[in-house]
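Please read the structure below before turning to the comments.
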Ligand code: WQD
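Numbering (my numbering), first residue to last: 318 to 641.
Below you can see the structure in the form of structure tokens.
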């Protein structure tokens, strides 16, 4: 992919910075566009050009898009499920309007290919398992709705314009670059593994396990945890696919394997050699017992398989970053 010109919007964020690293490893010419609202300067790579900008700034988006890119990776979004239910206007503005601004700027400037960060949250409560890409979309949060809606907008743009996309539906993203090159941990984390890490390092006194009476082997919820470096590699494969064959796809990125909340806690205890201070609490509203997805399409279309399969190894890449 020598010198392939890629614009990574949201490239200073958690997943975006790992995508930038993977693209640089493939010798792409990378430009990062990020407003640093949740992205962090310490996640920027010297080898990638950085432009501080917002996806609501249409003039700036057009100016950058006019330079011409082989592909865009769009990861800029607000992603807190709870917040999206309290402040949907903010999510409508950032996620919906911001994405439309990007796609309009692409079409108006002849940029044809985009890889989009979508999510398992588009599916809602599973009607069957493993989830595949034909499963009905019933998002249970406004956040999930925005991602499903953006997929629909892209589907129409692909029908009407010279526009191709790959939407990657991430399951539970975890871990950090194993080589320690990405040091900016998410601030105010809301997901399980970062919370476990904060308990281990003493930043939180204790945590709650939401529900131990689910119909699962140990009574706690099963999720499909996929390592962020595996996610990042899929973006590279998606760009290669778009450049070789101008066709659009919607693809799950998952391992196909379920890991329970207690499995994560036990792995964190093994890796750190410390005890996690937790208590069982009532179920959290809206949590499905099990979320596991098929990755057959990712294998078939992108030739992608997750490399990280051992939960201890995954947890280790996160623990390595924690100040202990
Ligand atoms: C995982 C498991 C909790 C915290 C969310 C979004 C989804 C996607 C990924 C963005 C669940 C349990 C958690 C805690 C706990 N995000 N848990 N105690 O809910 O599977 O998915 O993040 O696209 O859209 O919904 O992830 O990390 O919140 O929870 O027991 O303090 O850990 O109940 O079973 P979730 P999570």
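Backbone N, C-alpha and C define an ideal beta-carbon position, used for all residues, glycine too.
Asked                                                                                                                        : Found
Cβ-heavy atom distance, residue 527 to the ligand WQD, below 8 Å                                                             : yes
The ligand WQD heavy atom lying under 8 Å from the CB of residue 322                                                         : no
Span separating the alpha-carbon of residue 574 from that of residue 513                                                     : 20 Å
Alpha-carbon spacing of residue 502 relative to residue 638, whole angstroms                                                 : 8 Å
Distance between beta carbons of residue 572 and residue 626, contact taken as under 8 Å                                     : 7 Å
Buried or exposed by the 16-neighbour rule on C-beta atoms within 10 Å, applied to residue 473                               : exposed
Cβ-heavy atom distance, residue 545 to the ligand WQD, below 8 Å                                                             : no
Distance cut-off 8 Å: residue 374 Cβ against heavy atoms of the ligand FAD                                                   : Ligands displayed in this structure: the ligand WQD; the ligand FAD is not among them.
Proximity test, residue 455 beta-carbon vs the ligand WQD heavy atom, cut-off 8 Å                                            : no
Residue 507 in three-state terms, based on DSSP                                                                              : coil
Stretch-stretch touch, CB-based, cutoff 8 Å, three pairs: the stretch 399 to 406 with the stretch 421 to 439                 : no
Contact check, residue 423 vs residue 457, beta carbons under 9 Å                                                            : no
Sequence-distant residues of its chain with Cβ nearer than 8 Å to residue 375 (five each side left out)                      : 418, 421, 422
Residues of its chain near residue 565, where Cβ-Cβ distance is below 6 Å and the 5 sequence neighbours each way are ignored : 475, 481, 482
Residue 351, DSSP secondary structure in three states                                                                        : strand
Collapsed DSSP secondary structure at residue 600 in the structure displayed                                                 : coil
Beta strand (DSSP E) segment containing residue 525, residue limits                                                          : 524 to 527
Residue 537 Cβ short of 8 Å to the ligand WQD heavy atom set                                                                 : yes
Per-residue burial, residue 477 [other beta carbons within 10 Å of its own, 16 or more giving buried]                        : exposed
Burial state of residue 487, where buried means 16 or more other Cβ atoms lie within 10 Å                                    : buried
Same chain, Cβ closer than 7 Å to residue 490, neighbours up to 5 away in sequence not counted                               : 332, 543, 545, 548
Within 9 Å, strictly: CB atoms of residue 636 and residue 554                                                                : no
Contact under 9 Å by Cβ, residue 321 with residue 388                                                                        : yes
Backbone CA spacing between residue 557 and residue 318 [nearest angstrom]                                                   : 8 Å
Outcome for residue 541 when other beta-carbon atoms lying within 10 angstroms are tallied against a minimum of 16           : buried
Environment of residue 451 [buried if 16+ CB atoms lie within 10 Å]                                                          : exposed
Exposure of residue 511, with buried meaning 16 or more beta-carbon neighbours within 10 Å                                   : buried
For residue 339 and residue 552, believed in contact at Cβ under 8 Å, the rounded distance                                   : 7 Å
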